[in-house]
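Undergrad:
Chains as they are written, first to last, in my numbering: chain G, -11 to 168; chain P, 897 to 1190.
1. With the cut-off set at 9 Å, would you say residue 1037 of chain P and residue 1122 of chain P are in Cβ contact?
2. Which residue from P/1027, P/1013, P/962, P/1135 puts its Cα closest to that of residue 989 of chain P?
3. On the DSSP letters alone, give me the boundaries of the alpha helix (DSSP H) that residue 953 of chain P sits inside.
4. Going by beta carbon distance, what residues of the same chain come within less than 8 Å of residue 1024 of chain P, once the five residues before and after it are set aside?
5. Using a Cβ-Cβ cut-off of 9 Å, state whether residue 153 of chain G counts as contacting chain P.
6. Please report the Cβ distance between residue 162 of chain G and residue -7 of chain G, rounded to the nearest whole angstrom; I am assuming they are in contact, meaning their Cβ atoms lie under 8 Å.
7. Out of curiosity, what's the CA-to-CA distance linking residue 146 of chain G and residue 16 of chain G?
8. Which residue wins for smallest C-alpha separation from residue 1072 of chain P, given the options P/937, P/915, P/929, P/912?
9. List the residues of chain P whose Cβ lies closer than 9 Å to the Cβ of residue 3 of chain G, in chain order.
10. Starting from residue 95 of chain G, trace the beta strand (DSSP E) in both directions and tell me its first and last residue.
11. In angstroms, rounded to a whole number, what distance separates the CA positions of residue 2 of chain G and residue 1031 of chain P?
12. Can you confirm whether residue 1187 of chain P, when its beta carbon is compared against all beta carbons of chain G, has any partner nearer than 9 Å?
13. Just how far apart, CA to CA, sit residue 1159 of chain P and residue 48 of chain G?
14. Does the segment 1072 to 1085 of chain P come within contact of the segment 1053 to 1062 of chain P, defined as at least 3 CB pairs closer than 8 Å?
15. So, is the C-beta of residue 1115 of chain P closer than 9 Å to a C-beta in chain G?
16. Report all residues from its chain with a CB closer than 8 Å to the CB of residue 82 of chain G; omit the five preceding and five following residues, and keep chain order.
17. Report the rounded CA-to-CA distance for residue 1011 of chain P versus residue 999 of chain P, giving the unit in angstroms.
18. The beta strand (DSSP E) with residue 1063 of chain P in it runs from where to where?
19. Give the secondary structure of residue 1129 of chain P by DSSP, where H, G and I count as helix, E and B as strand, and everything else as coil.
20. Since residue 1143 of chain P and residue 1169 of chain P are thought to touch, with beta carbons under 8 Å apart, how far apart are those beta carbons, to the nearest angstrom?
21. Give me the DSSP bridge partner(s) of residue 1182 of chain P.
22. Have a look at residue 19 of chain G and residue 1033 of chain P and give me their C-alpha separation to the nearest angstrom.
23. Mind listing the chain P neighbours of residue 83 of chain G? Cutoff is C-beta to C-beta under 9 Å, in chain order.
24. Closer than 8 Å by beta-carbon distance: list the chain G residues that pair up with residue 965 of chain P, in chain order.
25. Let me know the alpha helix (DSSP H) ranges lying completely inside the segment 901 to 938 of chain P, each 4 residues or longer, listed in chain order.
26. In or out: residue 76 of chain G buried (at least 16 other Cβ within 10 Å) or exposed?
27. Which same chain residues, not among the five before or five after residue 1039 of chain P, have their C-beta less than 7 Å away from its C-beta?
28. Is any beta-carbon of chain P found at less than 9 Å from that of residue -5 of chain G?
29. Check whether the Cβ of residue 60 of chain G lies closer than 9 Å to any Cβ atom in chain P.
30. Taking beta-carbon pairs under 9 Å, can you tell me which members of the segment 120 to 151 of chain G lie near chain P?
31. I'd like to check one pair, residue 907 of chain P with residue 1178 of chain P: are the Cβ atoms closer than 9 Å?
32. Give a yes or no on whether the minimum CB-CB distance between residue 1177 of chain P and chain G is below 9 Å.
33. With a CB to CB cut of under 7 Å and the five nearest residues on each side skipped, what residues in its chain are close to residue 951 of chain P?
34. Shorter than 9 Å from the beta carbon of residue 1029 of chain P to some beta carbon of chain G?
35. Residue 97 of chain G touches chain P at which residues, Cβ-Cβ below 9 Å?
36. For residue 130 of chain G, write down the residues that DSSP places opposite it in a beta bridge.
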């Protein structure tokens, strides 16, 4: 089985939010709900400063805190290493939202359950890539199998020494960032 | 930054479960240690424990969404024993019936009470263990969340336990005054309990703040919002002064005056403890901040 992940090159991100809109389209989300978002940060002081756009989404952690605290076991990790929510057993207790250090889970108040990035698993299983990856006009995201050393993502991570965000939180994120 | 996913329902639950568990322990302690002269306090504590925890649990259920509209989903709540909520469900579903049966036994209500009275000591032992588990678990519930560094410390269950004891004793004392106002003299003996619990609560709260200030940037930010940030007016007034300092001083006076203190001051001190206990829960939930990730 593959172990899917995404590598993100923030130096290429122009902050156009196309990934967010594509994701909302793919998942039928209303305007105010999002599974990914872009955080803008300023670096340095005038005159040598720059703006960085950091796209954020569920990190599909290996040791996912949300999965550990879920009382019903609705949150689970698929064979492909994608953290998913079983819509039939989630009760909407929101414990996972509190537990996620990356705060990437959101509540669907209509259905009363917690929803999140699913790495577009239905597209991926048909051989495609997640909507945020294929939409990005500047190819910020690289999707692929982290266990395959010859995959584009593995080579990208090795070449640029891409790191997860806050690896010190020890959750084993599967989203890697090249930030400079 | 996203707001806390939990709001007033969860805060009320944390408070009521703690107060109910504390009231149960107060009742057991009175019944075992001083059955002759603390009868009304034991009765009040036992009568309050079950309903308080049950109302708290109702708040917890009301906070669910899909689990509230489709209640059968709640059977999944014990599906993952690594989750503190699953343990909470188990603890609460045993403790609530035992608390009600204990109240029936101690007050000899209906035939259930008369039968249960034969097993009073058993109920007290099992119930006390479950009461400690209930009060402690409300703290562990948030202490295991590493998504909020300020909560992620083993001091949290200790703080919640101390607060549960003082609020529980306050509930029992108010109840005793309602049942029989003449016991107000006797209540001054229990003021010592308040002095001890409030001292422990204040000490642990101080430790939590101090340690948080140096533990991590996020925990420090949470502690800062409490002591000098936008929540500080509530923290200093409701938790520190109203919830701990004033009742602490009143309880010392009450203890040494031995029943000479005006009635409304005795009950007032207990009411202030309850205000402080509720405010403490609310401020801890609202001051929680996620790690800085970017």
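Quick reminder that beta carbons are idealized off the backbone N, C-alpha and C, glycines included. Keep in mind that this is a model prediction, so the values were computed, not measured.
TA: Well, looking at it:
1. As a working mapping, residue 1037 of chain P is identified with position 141 in the second chain. As a working mapping, residue 1122 of chain P is identified with position 226 in the second chain. Taking 9 Å as the Cβ cut-off, residue 1037 of chain P and residue 1122 of chain P do not qualify as a contacting pair.
2. As a working note, residue 989 of chain P is residue 93 in the second chain. Taking only the C-alpha atoms, the option nearest residue 989 of chain P is P/1027.
3. Along the second chain, one-based indexing puts residue 953 of chain P at 57. Here the alpha helix (DSSP H) through residue 953 of chain P covers 935 to 959.
4. Locating residue 1024 of chain P in the second chain gives position 128, where the first residue counts as 1. Correct list, in chain order: 920, 921, 924.
5. For the purposes of this step, residue 153 of chain G is identified with residue 165 of the first chain, where counting begins at 1. Chain P, which has a Cβ nearer than 9 Å to the Cβ of residue 153 of chain G, makes this yes.
6. As a working note, residue 162 of chain G is residue 174 in the first chain. As a working note, residue -7 of chain G is residue 5 in the first chain. 4 Å between Cβ atoms; contact.
7. Position 158 of the first chain holds residue 146 of chain G. Position 28 of the first chain holds residue 16 of chain G. Taking the straight line joining both Cα atoms gives about 35 Å.
8. Counting from 1 along the second chain, the entry for residue 1072 of chain P is found at position 176. Here the closest residue by C-alpha is P/937.
9. As a position in the first chain, residue 3 of chain G is number 15, starting the count at 1. Per Cβ cutoff of 9 Å: no residues; residue 3 of chain G is ~13 Å from chain P at best.
10. Walking along the first chain from the start, residue 95 of chain G turns up at place 107. First-last of the beta strand (DSSP E) with residue 95 of chain G: 94 to 96.
11. Looking up residue 2 of chain G in the first chain gives position 14. Looking up residue 1031 of chain P in the second chain gives position 135. Whole-angstrom Cα-Cα distance: 50 Å.
12. Translated into the one-based positions of the second chain, residue 1187 of chain P becomes position 291. For residue 1187 of chain P, the answer is yes, since a Cβ of chain G falls inside 9 Å of its Cβ.
13. Along the second chain, read from residue 1 onward, the residue named residue 1159 of chain P stands at position 263. Along the first chain, read from residue 1 onward, the residue named residue 48 of chain G stands at position 60. Residue 1159 of chain P and residue 48 of chain G: Cα-Cα distance of roughly 59 Å.
14. no
15. Taking the first residue of the second chain as position 1, residue 1115 of chain P is located at position 219. Not one chain G Cβ lies under 9 Å of residue 1115 of chain P.
16. Residue mapping note: residue 82 of chain G aligns to position 94 of the first chain, counting from 1. For residue 82 of chain G, where only same-chain residues beyond five positions count, the Cβ hits under 8 Å are 95, 102.
17. Along the second chain, one-based indexing puts residue 1011 of chain P at 115. Along the second chain, one-based indexing puts residue 999 of chain P at 103. Approximately 12 Å, taken between the alpha carbons.
18. What you label residue 1063 of chain P is simply residue 167 of the second chain in a count that begins at 1. No beta strand (DSSP E) contains residue 1063 of chain P, which is instead part of the alpha helix (DSSP H) from 1051 to 1075.
19. The residue labelled residue 1129 of chain P in the question sits at position 233 within the second chain. Looking at residue 1129 of chain P - three-state DSSP - the assignment turns out to be helix.
20. Residue mapping note: residue 1143 of chain P aligns to position 247 of the second chain, counting from 1. Residue mapping note: residue 1169 of chain P aligns to position 273 of the second chain, counting from 1. Between residue 1169 of chain P and residue 1143 of chain P the Cβ distance is about 5 Å, and since that is below 8 Å, they are a contact.
21. As a first step, residue 1182 of chain P must be located in the second chain, where it is residue number 286. Note: residue 1182 of chain P sits in no beta bridge, so no partner.
22. The residue given as residue 19 of chain G occupies position 31 in the first chain. The residue given as residue 1033 of chain P occupies position 137 in the second chain. Approximately 38 Å, taken between the alpha carbons.
23. Within the first chain, the letter at position 95 stands for residue 83 of chain G. Correct list: 901, 902, 979, 980, 981, 1037, 1041.
24. In the second chain, residue 965 of chain P corresponds to position 69, counting from 1. By Cβ distance, chain G contributes 100.
25. 904 to 929
26. Position 88 of the first chain, counting from 1, holds the residue named residue 76 of chain G. Burial call: exposed.
27. Start at 1 with the first residue of the second chain, and residue 1039 of chain P comes out as number 143. So the list reads 1047, 1048, 1049, 1050, 1052, 1053, once near-sequence residues are dropped.
28. On the first chain, residue -5 of chain G is found 7 positions in, with the first residue counted as 1. So, not an interface residue.
29. Reading the first chain from its first residue, position 72 is the one you call residue 60 of chain G. Yes, its Cβ sits closer than 9 Å to a Cβ of chain P.
30. none
31. The sequence position of residue 1178 of chain P within the second chain is 282, counting from 1. The sequence position of residue 907 of chain P within the second chain is 11, counting from 1. A contact, by the Cβ cut-off of 9 Å.
32. In the second chain, residue 1177 of chain P corresponds to position 281, counting from 1. Taking Cβ atoms only, chain G never reaches closer than 9 Å to residue 1177 of chain P, which makes this a no.
33. Numbered from 1 along the second chain, position 55 holds the residue referred to as residue 951 of chain P. 912.
34. Walking along the second chain from the start, residue 1029 of chain P turns up at place 133. No - not a single Cβ of chain G is within 9 Å of the one on residue 1029 of chain P.
35. The count along the first chain starts at 1 and reaches residue 97 of chain G at position 109. Within chain P, the residues near residue 97 of chain G are 961.
36. Taking the first residue of the first chain as 1, we reach residue 130 of chain G at position 142. For residue 130 of chain G, which the question treats as bridged, DSSP gives the partners G/-5.
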